[in-house]
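Chains as they are written, first to last, in UniProt numbering: chain G, 1 to 139; chain X, 1 to 145.
Data first, discussion second: the structure below is written as C-alpha cells.
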C-alpha cells in the first residue's frame, strides 16, 4: 500500500503501525475560513470493499461545522453515493479540506449547527472560530 | 500490494464502534435486544446502555432489563465490561454489583474480536432461558443494582 505523508498543502496522512489500512490524518484549517489556525486530527480506514466502497473518515478533533456531527462523522457526497473507485484518498482529503472552506448548511448532518448557520451566519462563524481556538489549537 | 489475505482486514476500534452504533440505531432483529450510546459527545464511544426483553418460557418473560456496557480503548481486542443495571438473579451475574462475571459467562472469558455488543446481549438473553436460570426466583421488577 502506498505511504502517504504530505498529501497536499495542509494535509498529511500516515498509516498506523499495526494496521496499514488505518491512517492518522491531519488537516490544517484553510485560510479565510473559521477554522484557520486550527490543526484537525482525523482517522481514515480503507474497508475491505475498498476501492469499490469509499474510505471511512471522521474527525477526532471537535469542530463546529454544519456537515460534521458530534462524533466527527462527515456528510460528503463522495464518501457516500458519489464515491467512485477512480477517486483517490488524496481527492477525499482535499474534498474534506474544501468542505471546511465552504460549509453547506442546506445539507446538514448537525441540525442545530445548520440552523444556527442559517439564522445568524456571523455568529455561527464566531462559534466555529472559538471552537477552533479551544479544541484545535494543536498544543 | 500483492497480499492475498483479503479476509484479514481488521476494522479499527472506532470504526467498528461506529458500525455497531449504526446497526443499533437501525434496530436489531425482533427488537428483544437493543443498545445505544450513553453520551453522544464522547468521541471514543465508551459507555453504552443495552436492553434485553426477557425470553419466553422463563421467569424473565416480558421483563425489561437494562445493562451497562463499557468499551475501553482496547475494545474489541478485549471484551467490554458488562453489568446489569436492573436487578436480576442469574448464575453469571454478581449478586452485589450486577457485573456479568467472565468466569461464568464464556463469551466474555473466551472473547473473540468478531463478537459485538449485540452478540453479548443475544447470548445473555439465551442464558436467561437456560435450564439453570429460567426458573430462579427474581427480585421485584424495576429495582436496580
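We treat Cβ as the ideally placed atom computed from N, Cα and C, and that holds for glycine.
{"Check": "First through last residue of the alpha helix (DSSP H) which encompasses residue 114(G)", "Outcome": "111-119"}
{"Check": "Selection of the region 64-85 of chain G by Cβ proximity to chain X, strictly under 8 Å", "Outcome": "70, 71, 72, 73"}
{"Check": "Endpoints, the beta strand (DSSP E) within which residue 120(X) is located", "Outcome": "Where residue 120(X) is concerned, there is no enclosing beta strand (DSSP E), although the alpha helix (DSSP H) it sits in stretches over 117-128."}
{"Check": "Beta-ladder partner(s) of residue 114(X), from DSSP", "Outcome": "Paired residue(s): none; residue 114(X) is not in a bridge."}
{"Check": "Cβ pair residue 75(G), residue 111(G) closer than 9 Å", "Outcome": "no"}
{"Check": "Test: residue 123(G) CB closer than 9 Å to a CB of chain X", "Outcome": "no"}
{"Check": "Closer than 7 Å at the beta carbon, the chain X residues around residue 21(G)", "Outcome": "9"}
{"Check": "Secondary structure, beta strand (DSSP E): runs of 3+ residues fully inside the UniProt domain \"UBC core\" (1-137) of chain G", "Outcome": "6-8, 11-15, 22-28, 39-45, 56-59"}
{"Check": "Cα-Cα separation, residue 103(G) to residue 42(G)", "Outcome": "18 Å"}
{"Check": "CA-to-CA distance, residue 41(X) to residue 83(X), given in whole angstroms", "Outcome": "22 Å"}
{"Check": "Within 9 Å, strictly: CB atoms of residue 27(G) and residue 54(G)", "Outcome": "no"}
{"Check": "Interface partners of residue 80(X) on chain G, CB under 7 Å", "Outcome": "Those within 7 Å of residue 80(X) in chain G number zero; the least Cβ separation is about 18 Å."}
{"Check": "Bounding residues of the alpha helix (DSSP H) (the contiguous stretch that carries residue 21(X))", "Outcome": "13-26"}
{"Check": "Interface flag, residue 18(X) vs chain G, CB-CB below 9 Å", "Outcome": "yes"}
{"Check": "Residue from 100(G), 15(G), 45(G), 109(G) whose Cα sits closest to the Cα of residue 36(G)", "Outcome": "100(G)"}
{"Check": "Neighbouring residues, chain G, relative to residue 15(X) (Cβ below 9 Å)", "Outcome": "22, 43, 45, 47, 56, 58"}
{"Check": "Residue 49(X) to residue 24(X) span [Cα, whole Å]", "Outcome": "11 Å"}
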